[in-house]
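Enquirer: Have a look at the structure that comes next, please.
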Amino acid sequence: MKLEEFVELYASLVNSPYFKSKNTEDVDQLVLSCRLPLEKQLMELKQLVSTSAATLDQLCFERQQLRVECDQLEQTIRTMESERTQRLTERENAIRQQNGRFSVLRTKCSMYEEITDTRFMTNDGSTVAFISNPDGVIQHRMAVTDHLIDENNTYSARELDEINALWARLKVPDRSIEFMADPSTWFVNSKDTSDLTKTSRRTVLKSLTNVP
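For what it's worth, our numbering labels the leading residue of the sequence shown as -7, then goes sequentially.
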């Protein structure tokens, strides 16, 4: 039934002589009883829609915040990865430098041992040289060097002082110290070593070992 038809029917019932006042009140009460639950449901539905809209706005805001945090985290990860790569590169370079330094130091250690019949023992930041002399075994303590070797592999002033101290204990001539301080003379003949030999490095080293 259409609304217009219902209104006409209701009006005819109200105006009918058979329609008593009590019946009118009953119809009004019936309409009101049906209308109130609908209005209540409509109000609850509006409140639910409003709450859902607020929740949606909050979710959109949180999503935007998460997107910003993800971008910041991604940037932080890229920065950390770049710094890690740089540290690894620096570490590899330092290891290569240390390997080169240790190689030179091992060569020097072998040279000391060959020339002086010396054995080295490193402990507590210093090196003890056990030197075999005709008078017996003597000890000489040296500080461990921690500087980088230059490109020419020459001795530092500190190492030359240590060599001088060792040579003084062994009573080796100053000319021999000059020979040891210049690595380029180890493999060539030199007029400065004429009082020792002019043949080869091996002979010069043996001669240095046998100097009284």
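Glycine included, every Cβ here is placed at the ideal spot set by N, Cα and C.
Just so you know, these numbers come straight off a predicted model, no measurement behind them.
(1) Rounded to whole angstroms, what's the CA-CA distance from L40 to T77? Just pull it up for me.
(2) Output needed for Q33: all residues of its chain with C-beta closer than 7 Å, excluding positions within five of it in sequence on either side, in chain order.
(3) Can you list, in chain order, the residues of its chain whose CB lies under 6 Å from that of E54, leaving out five sequence neighbours each side?
(4) Measure the alpha-carbon distance for T99 versus E82 and round it to whole angstroms.
(5) Can you tell me the Cα-Cα spacing of L42 and S74, whole angstroms?
(6) When the Cα atoms are used, what is the spatial distance from R30 to E0?
(7) Please work out which residues of its chain come closer than 7 Å, Cβ to Cβ, to E36, disregarding the five sequence neighbours upstream and downstream, and give them in chain order.
(8) If we ignore side chains and look at the alpha-carbon of each, how far apart do R88 and S102 end up?
Expert: Looking at the atomic coordinates:
(1) Here the question's residue 40 lines up with position 48 in the sequence shown. Here the question's residue 77 lines up with position 85 in the sequence shown. So the alpha carbons of these two residues sit roughly 54 Å apart.
(2) As a working note, residue 33 is residue 41 in the sequence shown. Excluding sequence neighbours, Q33 sits near nothing in its chain.
(3) For this step, residue 54 is matched to residue 62 along the sequence shown. Around E54: no qualifying Cβ.
(4) Walking along the sequence shown from the start, residue 99 turns up at place 107. Walking along the sequence shown from the start, residue 82 turns up at place 90. If I take the Cα positions, the gap works out to 26 Å.
(5) Position 50 of the sequence shown holds residue 42. Position 82 of the sequence shown holds residue 74. Note that residue 42 corresponds to Ser in the displayed sequence, not to Leu. Cα-Cα distance, rounded: 48 Å.
(6) Here residue 30 corresponds to residue number 38 of the sequence shown, with the count starting at 1. Here residue 0 corresponds to residue number 8 of the sequence shown, with the count starting at 1. In the sequence as presented, Arg is not what sits at residue 30; that position holds Leu. Approximately 24 Å between the Cα atoms of the pair.
(7) Here the question's residue 36 lines up with position 44 in the sequence shown. Counting only Cβ-Cβ distances below 7 Å, and skipping sequence neighbours, we find nothing.
(8) Numbered from 1 along the sequence shown, position 96 holds the residue referred to as residue 88. Numbered from 1 along the sequence shown, position 110 holds the residue referred to as residue 102. Pairing R88 with S102, the inter-Cα distance amounts to about 21 Å.
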